[in-house]
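J.: The structure that follows is given in the form of structure tokens.
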Amino acid sequence: MDLIKPVTPEVIGRRSGSLRRRHLYSRAFRIACIGFTMSAVGVLGLLIYQVAAAGLPWLDLQFLTSFPSRFPERAGVKSALYGTLWVVSFTAMISLPVGVLAAIYLEEYAPASTMTRIIEINIANLAGVPSIVYGILGLAVFVRFLGLERSVIAGALTMSLLILPVIIISAKEAIRAVPSSIRLAAFAVGATQWQVVRSHVLPSAIPGILTGVILALSRAIGETAPLIMIGALTYVAFVPDGPMDEFTALPIQIFNWTSRPQAEFHELAAAGIIVLLAVLLTMNAVAVFIRYQGTRK
Amino acid sequence: MKQPENAVLEARNVTIRYSGEAAVKGVSLSLFEKKITAIIGPSGCGKSTLLRSLNRMNDFIDHVTQEGEILYRNSDLYGEHVDPVEVRLHIGMVFQRPNPFPKSIYRNVAWGPTINGLSGDINERVERALKQAALWDEVKDRLDDSALNLSGGQQQRLCIARALAMEPEVILMDEPCSALDPVSTARIEDLLFELKEKYTIVIVTHNMQQASRVSDYTAFMESGVLIEYGDTDEVFTRPKQKRTEDYVTGRFG
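Residue numbers (this note's numbering), protein chains in the order written: chain A, 5 to 301; chain B, 1345 to 1597.
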């Protein structure tokens, strides 16, 4: 039997006008997408260029190791940088365990009840509450009611409230992404709920959880409103020694400098922004690294 | 149906509902020691639900309610003081799709015995389980490799080894070959004959040839009802019920 036979007439190559038009639309959409992406990246690039042009000349060791001053050439971000690092560290220590345990409870333990649904919906809503509202809450509860004053710990607790919904939601997503077949397999060899969570759910979910936590902390670093609300200082000539000390933070210092009339202070603000961006990028790099480590296994 | 053997598991008038809708309706049957029992029937007939009730895996599905009793050597598995974790030590399970842990081959098998503090040398136990699952020769030189690098058929045999490492009395298998090619399927069927020496096996399958090849007893279910249960040869060659005959011969409706 002949397995290869010529087939006539040719069918391919006689494309209709409608197909040509569809290809045209397809190309146009692609170009539009590239255009919009480029304009977003372009604006960001312009912003970074302007900040760098104004701030880089001021950025030196003296800037990083000096306290704020009336004289621009002597002013620096030491207290603000330390304050930010203090607040972020304590925020991480508070929000990480609370957020992750809450997410584990909601995903692994909570019964599928109306009550659980209500809690989950409320957490999602809290993620959208303006940060200044958390500032007011922090002022009322931590600063006044608990008497923590304008301390690092009051700031960290307020920031934790702000980012907890984001952490819980991202941790829930990471936990939910662990296939349920793995859980069932573990239960089928006589594991308890805790053993399933500890040995299978958490190891698989940790890269996702940590990425979410670090992105949430990055958000906290840039927040100004809640810190101003709880009364973080704008002029601080000392570095916090402990969680009960008063503090300032990078965005507050930047805001303070931009509101001064002298042009030099505006350039100092730009230099402060560069420091803030450097802290942010470092944290994001850590998040990327952790995710990479997690997916490599 | 001849009944010389000991019943290991017994379902008594079991009804299982999802959100009120019955998936299993008043099923009663005994499962015999060191025999392979196949449960067959069309999709959605409740056979997997019934199987999962035998080691309380339905506990993980929301809104499931169950009536009737399931006895394992005379104790009610759903009794007030029964710990479901303990139930699963005696009654293991192999799932429809291979679901190895994303860990090493060794850890997959060793994890269950380790967390349960089972006695004896753990390495011996792993080796024994892998040998029983006919996987040892293929993996003995790479026990530390990720289980996810194994082929689908190897993964399923690893899952069988994982269940065997617990040395349960009963192994429940939920369509264990449905995601496998014919060669892997044949290997697992061969395996079942050997495992029968030591274990009581209950296997849910869509594959009628498989049921007739491997099982000693066959239960046929339809719409949640146990239509016929008996010696596999009889169910396939001289079914008592018309519906069973239609199903096993491929004539429907």
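We put the CB at the ideal spot given by N, CA and C, even for glycine.
Quick one, which of B/1529, B/1588, B/1536 has its alpha-carbon nearest residue 1508 of chain B's?
T.: With distances taken between Cα atoms, residue 1508 of chain B lies closest to B/1536.
J.: Beta-carbon of residue 1597 of chain B versus every beta-carbon of chain A: anything under 9 Å?
T.: Bear in mind that a pLDDT of 45 at residue 1597 of chain B, under 50, signals an unreliable position, so the model cannot answer this.
J.: What does residue 1609 of chain B touch in chain A if you count any residue whose Cβ is under 8 Å from its own?
T.: Residue coverage of chain B in this structure runs from 1345 to 1597, which leaves residue 1609 of chain B outside it and unanswerable.
J.: Compare the Cα-Cα distances from residue 1538 of chain B to each of B/1549, B/1476, B/1412 and report the closest residue.
T.: Measuring from the Cα of residue 1538 of chain B, the nearest candidate turns out to be B/1476.
J.: Kindly give me the distance between the Cβ atoms of residue 1408 of chain B and residue 1402 of chain B, rounded to whole angstroms, as I take these residues to be in contact under 8 Å.
T.: Contact flag correct, Cβ pair sits at about 5 Å.
J.: Check the C-beta distance from residue 195 of chain A over to residue 1445 of chain B and give it rounded, since I have them as a contact under 8 Å.
T.: Actually they are not in contact, since the Cβ atoms of residue 195 of chain A and residue 1445 of chain B sit about 11 Å apart, beyond 8 Å.
J.: Can you round the beta-carbon distance between residue 277 of chain A and residue 59 of chain A to whole angstroms, since I take them to be within the 8 Å contact cut?
T.: Yes, they are in contact, since the Cβ atoms of residue 277 of chain A and residue 59 of chain A sit about 6 Å apart, within 8 Å.
J.: Answer with yes or no whether the minimum CB distance from residue 1444 of chain B to chain A is below 9 Å.
T.: Chain A, which has a Cβ nearer than 9 Å to the Cβ of residue 1444 of chain B, makes this yes.
J.: I'd like to know whether the C-beta of residue 115 of chain A is nearer than 9 Å to at least one C-beta of chain B.
T.: Chain B contact via Cβ: present.
J.: Between the region 179 to 195 of chain A and chain B, which residues of the former have CB atoms less than 9 Å from a CB of the latter, in chain order?
T.: Taking 9 Å as the Cβ-Cβ cut-off against chain B, the residues of the region 179 to 195 of chain A that qualify are 183, 184, 185, 186, 187, 188, 189, 190, 191, 192, 193, 194, 195.
J.: Give the single residue among B/1530, B/1568, B/1541 whose Cα lies nearest to the Cα of residue 1557 of chain B.
T.: The option with the nearest alpha carbon to residue 1557 of chain B is B/1530.
J.: With DSSP as the reference, label residue 116 of chain A as helix, strand or coil.
T.: In this structure, residue 116 of chain A counts as coil in the three-state DSSP scheme.
J.: Give me the subset of the region 204 to 221 of chain A whose CB atoms are less than 9 Å from a CB atom of chain B, sorted by chain position.
T.: Cβ contacts with chain B: 204, 207, 208.
J.: Can you tell which of A/240, A/252, A/217 has the C-alpha that lies nearest to the C-alpha of residue 102 of chain A?
T.: Comparing Cα-Cα distances from residue 102 of chain A to each of A/240, A/252, A/217, the minimum goes to A/217.
J.: Chain B beta carbons: is any one of them nearer than 9 Å to that of residue 199 of chain A?
T.: Residue 199 of chain A counts as touching chain B.
J.: Among B/1351, B/1568, B/1587, B/1370, which has the Cα closest to the Cα of residue 1376 of chain B?
T.: That would be B/1351, whose Cα lies nearest to the Cα of residue 1376 of chain B.
J.: In chain A, what lies closer than 9 Å to residue 1406 of chain B by C-beta?
T.: The contacting residues are 115, 116.
J.: With DSSP run on the structure shown, which of helix, strand or coil describes residue 1408 of chain B?
T.: Residue 1408 of chain B: strand per DSSP, three-state reduction.
J.: Below 8 Å on the Cβ atoms is my guess for residue 143 of chain A versus residue 234 of chain A; work out the distance and round it to an integer in Å.
T.: That belief holds up - the Cβ atoms of residue 143 of chain A and residue 234 of chain A are roughly 5 Å apart, short of 8 Å.
J.: Using 9 Å as the limit for Cβ to Cβ distance, is residue 1399 of chain B near chain A?
T.: Yes, residue 1399 of chain B lies at the interface with chain A (some Cβ there is under 9 Å from its Cβ).
J.: Closest to residue 98 of chain A by CA distance: which of A/120, A/160, A/155 is it?
T.: Closest by alpha carbon: A/160.
J.: In chain A, which residues lie less than 7 Å from residue 1460 of chain B when you measure between Cβ atoms?
T.: Here the neighbours are 194.
J.: Within the same chain, show all residues whose beta-carbon is closer than 6 Å to that of residue 1528 of chain B, passing over the 5 residues directly before and after it, in chain order.
T.: Excluding residues within five positions, the ones whose Cβ falls inside 6 Å are 1497.
J.: Which runs of the alpha helix (DSSP H) spanning at least 4 residues fall entirely within the region 1405 to 1450 of chain B, listed in chain order?
T.: Counting whole runs of 4 or more residues, the region 1405 to 1450 of chain B contains the alpha helix (DSSP H) stretches 1428 to 1434.
J.: Quick check on DSSP: helix, strand or coil for residue 1552 of chain B?
T.: Helix at residue 1552 of chain B.
J.: Give the DSSP-derived three-state secondary structure of residue 1362 of chain B in the structure shown.
T.: Three-state DSSP puts residue 1362 of chain B in a strand.
J.: Kindly list, in the order they appear in chain C, the residues whose Cβ is closer than 9 Å to that of residue 1479 of chain B.
T.: The question asks about chain C, but that chain is absent: this structure's protein chains are A and B.
J.: Drop a sphere of 10 angstroms on the beta-carbon of residue 1461 of chain B, count the other beta-carbons inside from all chains shown, and report buried for 16 or more, exposed for fewer.
T.: Exposed, since its Cβ has fewer than 16 Cβ neighbours within 10 Å.
J.: Quick test of the definition: if touching needs 3 or more C-beta pairs under 8 Å, does the region 1413 to 1428 of chain B touch the region 1383 to 1400 of chain B?
T.: Because the criterion of three Cβ pairs below 8 Å is met, the region 1413 to 1428 of chain B and the region 1383 to 1400 of chain B touch.
J.: Can you find a CB in chain A that lies within less than 9 Å of the CB of residue 1531 of chain B?
T.: No - not a single Cβ of chain A is within 9 Å of the one on residue 1531 of chain B.
J.: Give the secondary structure of residue 1597 of chain B by DSSP, where H, G and I count as helix, E and B as strand, and everything else as coil.
T.: Its pLDDT being 45, under 50, residue 1597 of chain B is placed unreliably in this model, and the value from its coordinates should be taken loosely. Residue state, collapsed to three classes: coil.
J.: With a cut-off of 8 Å on the beta carbons, I'd call residue 272 of chain A and residue 79 of chain A a contact; round off their distance for me.
T.: Indeed, because the Cβ distance is near 6 Å, the residues count as touching under 8 Å.
J.: CA-CA distance, residue 260 of chain A and residue 241 of chain A?
T.: The straight-line gap from Cα to Cα measures roughly 14 Å.
J.: Go ahead and pull the three-state DSSP assignment for residue 206 of chain A.
T.: It is helical.
J.: When the Cα atoms are used, what is the spatial distance from residue 1582 of chain B to residue 1373 of chain B?
T.: Near 20 Å, if we compare the C-alpha coordinates of residue 1373 of chain B and residue 1582 of chain B.
J.: Any C-beta of chain A within less than 7 Å: which residues of the region 1413 to 1442 of chain B qualify?
T.: Answer in chain order: 1429, 1432, 1433, 1436, 1437, 1439, 1441.
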